[in-house]
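Step one of this worksheet: look at the structure below.
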Amino acid sequence: MTALTRTLVPGFRIRNSWIVPLLIAGACVFLVIGSLQSSLFAQQTVSGLANGGIYASLAVALVLIYRATEVINFAQGGLATVTTYVAWQLIDWGLTYWLAFAATLGIAFVGGMLVELVAIRPVERRGNVLTIVIASIGLLILAEGAVGWIWGAQVKFMPSAFPARVFHVGGVAFSFQDIGTIGVSIAAVFVLWLFFRFTKVGLAMRAAAVRPAAARLVGIRVSWMLSLGWGLAAVLGAVSGLMAAASPSVLLQPSMMDGILIYAFAAAVLGGLESPAGAVVGGLSIGVILNLLPTYVDWVAPALLLPVAFVVMLVVLLVKPSGLFGRTRVRKV
Amino acid sequence: MRSSLVVRSVVIGAVALAIALAPFILSDYNRSQGATVAVFFIAILGLNIVTGYTGQISIGHGAFMAIGGYTTAILVHDHGWSELSTIPLAALVGFAAGVIVGVPALRFHGTYLALVTFAVALAVPQVAKNYSHFTGGTEGLVLPAHTGLWLYGVSWAAAAILFVLAWLILRARTGRAFRAVRDSEVAAASSGVSLAAYKTVAFGVSAAFAGVAGSIYVLVNNFVNPDLFGLTLSLYILIGAVVGGLGSLWGVLVGAAFIQLLPIGLTSSHVLSSQSVPVIFGAIVILVMALVPRGAADLLRAIVSLHVRRGSNAPSP
Amino acid sequence: MAPLLALRDVDARYGPIHALHGITLTVDEGEIVALLGANGAGKTTTLRAISGTVRRSGSLEFAGRSLGRCGPEAVARLGIAHVPEGRGTFSELTVWENLRLGAYIRRGSLDADVARVLEYFPWIEGRRTQQAGTLSGGEQQMLALARAVMQRPRLLLLDEPSLGLAPLVVGEIFRIVKELNSREGATVLLVEQNARISLASSDRAYVLEVGRVAVDGPSAELAANESIRRSYLGY
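Residue numbers (this note's numbering), protein chains in the order written: chain A, 1133 to 1465; chain B, 261 to 577; chain C, 2 to 236.
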């Protein structure tokens, strides 16, 4: 925001850096106490975390691309849908689930890189952020359209990754589905973190994202790094889509990731669009909030979940636009 | 330039004549298709004001259409208003909604605004689904039907009026102020243009247009339900605006025709199945962004200027 | 012996602005050459032309190869390290990560290089995990230099190393540059506004004015020539 808009439309800003960790700690305490008191609370929290894992992986994908290019990839969900259908097809052709899962991640990686090369780079050369955003919307329409064209729009059935069983801890029933989803999502993000932190290419990608000009001077091919970024983002999207398809409340259809994309947007905004850690925290938070709210607040019907997420996004953008973990950016005039 | 003014007037005249005469050679069904083109024309016109002229991205104009559409539907269905009289009210309600959105939108720039409006596009139909005793919920409300001719007449009359209105607004001081805002907020502000006021008004006006479009859309379909105003609608309006050319009034017609007629043309010629349409649309959008980011209007301008240049120089083939 | 770097009639533009008009200069292996001149004379642009950061035309040869079509990534891989104006430090990354990036194009063990760097900049040892942006100006400049050393370049391009630094720190940096040159034979092309210390530290110098080479020669001679000093170098 420019200083001009700040004087025209006054808002209040949260400045102190201890508020955020306090908030998160408080939230965790709240969840633990609630879970100990009520088994319904515990179950809803855990399945909220599972949904949150789905939103978090997609949110991290969004953040990856945003950090490097300031572009929000509106097609992230659509691309995830494509890869999920690819997995379905592989399973339909006879592969076991986890084999198909692994193959899909590989295909997603290559596909993501190709998409950047073919669809985005030509636009980047000419355009500003607005044109790239619109191109990503074109990509969204193309991706979901391709899915409908190739596989048809009728709902399909995706076998579950995890056994449909339930196990009990202290009288509370938890499903393998939920625990598995949380595990896979966290694992995916963790592996990515390891890659960025400890490998040479990961370091180069980080450097290219924050300072592309300086990165070129040490010999880093920044445009390759960008393609790699899109490839990795596609992999995270694939994980998100696969976990979503496995969940009983999501049906395999071309528009399956539309709502999840909004939740991922809200998560990324909440965490700070430039912070992967923030995206994870944001995703888990949104997942839990959107599960607990309808359980305990009567008028929040399932149809209102999207508007609620929208309100969260709006509030964050008005109160602390850089999100929980972001640094307030000064817009250069 | 005198000659370009003459050319423009001739073109407007020809197009207007074509639009006026078309219903006499079209079937009734095709006339209502034509009415739908007018609906998109009005919506894209509105979007152009806010995105093309003041540079504020809005991917949620379907939501404003929904507001206008439901206004009309509820007034006609539950309160017995006549359809035509609801249209100005839909515009007013749209304007109010636009201003309400426009005020917080001041604090977001570019990508954030795109995010928020995208979410609005998805959220509003959900709200409509939820409060079903107002809106008829998922099933919606049914409205009296009309002949294709009536719909065509009403929609294109509204389109013509709004086009002239848009042209007047954009020519005047307001329009120049809008463009100044788009091109450089800092420069505009420092030259005394009140940013907040202009941006909010732009949103309001733009939403009013969308409200009218939504209102007529509902009449064309003679029913309303949340799915009518889904994400796809908002996206297609954006595509229409972009392909036609942001910041150009002429491109609006191209854009509207593009999104309504291209799919029909493709499928009725049996070249491709109807399911391939989104794929082609998406591909075209990407191509346009890569090759001619300023849309068809720019392409036309380029072609015209090429001809003008060729005419004046002695070419050596 | 052919010069390591030879520029002949090099032009460069920033959009419509014509910044360099026919720059011709050479740098021999093992030399320190200074590029002097007032603000806007084209010194930084010349370095950018060499590293491919700006669009240029004309003949640019490095170790017998033409730099004509090379962008910055390719130039770095050929063995030219450009420490730009503003240092080009990755402020968001740690000191260690900055060093690591300096050696991006090299394979194999970096231990020897790290040892060398610590010899010149012993203070780095304790600060490996510190975020580079939190270092002082002088430390950041030295980190940028250290990063260039990690690259083991054949040619080092330094853009205004003294900018914004206290005299004591500037002296330290120039001492290190001279040591790199004398002990390791590093070839250096140095852009500076501080003509006095540049002439004292270099073998030869070119003085630029409005995008052209106005005067050149051995640094000692230029420093001794009062009329040149007064008309071109301001002291």
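Cβ coordinates follow ideal geometry from the N, Cα and C atoms, glycine included.
The structure presented is a predicted model; accordingly, all values stated were derived computationally and were not measured.
Checklist entry - By how many angstroms is the C-alpha of G59(C) removed from the C-alpha of T1134(A)? => result Reliability fails at T1134(A), whose pLDDT of 41 lies under 50, so the model's placement of it is uncertain and the value that follows must be treated cautiously. Computed Cα separation, rounded: 42 Å.
Checklist entry - For Y1428(A), which option in A1336(A), A1400(A), A1174(A), V1192(A) has the closest C-alpha, if you only look at C-alpha atoms? => result Nearest option by C-alpha distance: A1174(A).
Checklist entry - For the stretch 1173-1203 of chain A, which residues have a beta carbon sitting closer than 7 Å to at least one beta carbon of chain C? => result none
Next on the checklist: Taking the alpha helix (DSSP H) that S1372(A) belongs to, which residues open and close that run?
Outcome noted: 1354-1378
Checklist entry - If you draw a straight line from the C-alpha of S1307(A) to the C-alpha of F1299(A), how long is it? => result C-alpha separation (whole angstroms): 6 Å.
Checklist entry - Which whole runs of the alpha helix (DSSP H) in the stretch 1158-1217 of chain A are 4 residues long or more, in chain order? => result 1171-1201
Next on the checklist: Buried or exposed, going by whether 16 or more other CB atoms sit within 10 Å of the CB of K1332(A)?
Outcome noted: By the neighbour-count rule (16 or more Cβ atoms within 10 Å), K1332(A) is not buried but exposed.
Next on the checklist: For Q131(C), list the residues DSSP reports as bridge partners.
Outcome noted: According to DSSP, which records beta bridges pairwise, Q131(C) is partnered with nothing at all.
Item to check | chain C contacts from the stretch 1338-1357 of chain A (Cβ-Cβ distance under 8 Å) | outcome: R1338, A1339, V1342, R1343, A1345, A1346, A1347, R1348, L1349, V1350, G1351, I1352, R1353, V1354
Checklist entry - Can you check whether the CB of I319(B) is closer than 7 Å to the CB of A212(B)? => result The structure shown does not extend to residue 212(B), since chain B is modelled only from 261 to 577, so the question has no answer here.
Checklist entry - Just to confirm, are L1211(A) and G1369(A) a CB contact at a threshold of 7 Å? => result A contact, by the Cβ cut-off of 7 Å.
Next on the checklist: What would DSSP say about I18(C), mapped onto helix, strand or coil?
Outcome noted: Looking at I18(C) - three-state DSSP - the assignment turns out to be strand.
Checklist entry - So is Y207(C) in contact with chain A if we call contact Cβ pairs under 7 Å? => result It does not; no Cβ of chain A falls within 7 Å.
Checklist entry - Does T1215(A) get closer than 7 Å to chain B when you measure Cβ to Cβ? => result no
Item to check | For T398(B), three-class secondary structure by DSSP | outcome: coil
Next on the checklist: Does the CB of A473(B) have a neighbour CB from chain A at under 7 Å?
Outcome noted: no
Checklist entry - Any C-beta of chain A sitting closer than 7 Å to the C-beta of G89(C)? => result yes
Next on the checklist: At the level of alpha carbons, what is the spacing between T398(B) and R554(B)?
Outcome noted: 38 Å
Next on the checklist: Quick test of the definition: if touching needs 3 or more C-beta pairs under 8 Å, does the stretch 1220-1231 of chain A touch the stretch 1161-1173 of chain A?
Outcome noted: Touching, no.
Next on the checklist: Ignoring anything shorter than 4 residues, give me the alpha helix (DSSP H) runs that lie fully in the stretch 28-67 of chain C, in order along the chain.
Outcome noted: 44-52
Checklist entry - Which bits of chain C does A1336(A) rub up against, with CB to CB less than 8 Å? => result L102, Y105
Checklist entry - Is there a Cβ from chain B that is less than 7 Å from the Cβ of G1280(A)? => result yes
Checklist entry - Can you tell me whether V1367(A) is buried or exposed, with buried defined as 16 or more other CB within 10 angstroms of its CB? => result Under the 10 Å beta carbon count, V1367(A) is surrounded by 16 or more other beta carbons and is classified as buried.
Next on the checklist: For A517(B) and G504(B), I'd like the C-alpha separation in whole angstroms.
Outcome noted: 9 Å
Item to check | Residues near Y121(C) in its chain [Cβ-Cβ closer than 6 Å; skip 5 each side] | outcome: I177
Item to check | chain B contact residues for M1445(A), given Cβ-Cβ distances below 8 Å | outcome: L375, V376, A379
Checklist entry - Hey, quick one: how far does the alpha helix (DSSP H) through V537(B) stretch, first residue to last? => result 537-551
Checklist entry - Of all the CB atoms in chain B, is at least one closer than 7 Å to the CB of P1439(A)? => result yes
Checklist entry - Can you tell which of R66(C), R213(C), A206(C), A3(C) has the C-alpha that lies nearest to the C-alpha of A196(C)? => result A206(C)
Item to check | Residues within the stretch 347-373 of chain B neighbouring chain A, beta-carbon criterion of under 8 Å | outcome: The residues in question are V363, P364, L366, R367, F368, H369, G370, T371, Y372.
Checklist entry - How long is the line joining the alpha carbons of E126(C) and V118(C), rounded to whole angstroms? => result 10 Å
Item to check | Extent of the continuous beta strand (DSSP E) to which H321(B) belongs | outcome: Segment 321-339 is the alpha helix (DSSP H) holding H321(B); no beta strand (DSSP E) there.
Checklist entry - Going along chain A, which residues have a C-beta under 7 Å from H83(C)? => result L1349
Checklist entry - Could one say the Cβ of G1458(A) lies closer than 7 Å to chain B's Cβ atoms, at least one of them? => result no
Checklist entry - With contact counted as at least three CB pairs below 8 Å, one residue from each stretch, are the stretch 321-338 of chain B and the stretch 348-361 of chain B in contact? => result yes
Next on the checklist: Report the start-end ranges of each beta strand (DSSP E) in the stretch 151-231 of chain C that is 3 residues or longer and not cut off at the edges.
Outcome noted: 156-160, 188-192, 205-210, 213-219
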